[in-house]
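Peer 1:
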Amino acid sequence: MYSFDADRYERTSQPSADELKVRARFAAVRAMVAERADDLSHISSDQAAFIAQKDLANGKKTMRAYLWMVCGAEYDQEHQG
Numbered sequence: 007m008y009s010f011d012a013d014r015y016e017r018t019s020q021p022s023a024d025e026l027k028v029r030a031r032f033a034a035v036r037a038m039v040a041e042r043a044d045d046l047s048h049i050s051s052d053q054a055a056f057i058a059q060k061d062l063a064n065g066k067k068t069m070r071a072y073l074w075m076v077c078g079a080e081y082d083q084e085h086q087g
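If you read the sequence shown in my numbering, its first letter stands for residue 7, the second for the next number, and so on.
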């Protein structure tokens, strides 16, 4: 079996400031999605909003994707500066 050396996949440069921002956004939105998916006060309204948008042209087809969209928009709104 052929495979590359283990050190081939090591990063040779430091992450840029933009990459660090993207990583921070991803981690924050992932935590927001996990929290919102378990929050009983949002479940019924999220389900209704998801069903209303899922058949639209740009609608999200899964509940998880819908929550990522909603939480990502909330994060962007809070951190637009």
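All C-beta atoms in this analysis are idealised placements derived from N, C-alpha and C, irrespective of residue type, glycine included.
1) List the endpoints of the continuous alpha helix (DSSP H) containing residue 20.
2) Taking DSSP as the reference, what is the three-state secondary structure of residue 78?
3) Where does residue 15 sit, in a helix, a strand or coil, going by DSSP?
4) By the three-class DSSP mapping on this structure, what secondary structure does residue 27 have?
5) Is residue 55 near the ligand GDP, going by C-beta to nearest heavy atom under 8 Å?
Peer 2: Reading off the structure:
1) Taken as a continuous stretch (DSSP letters only), residue 20 belongs to no alpha helix (DSSP H), as it is neither H nor E.
2) helix
3) helix
4) helix
5) In the structure on display, the ligand GDP does not appear, and there are no ligands present to speak of.
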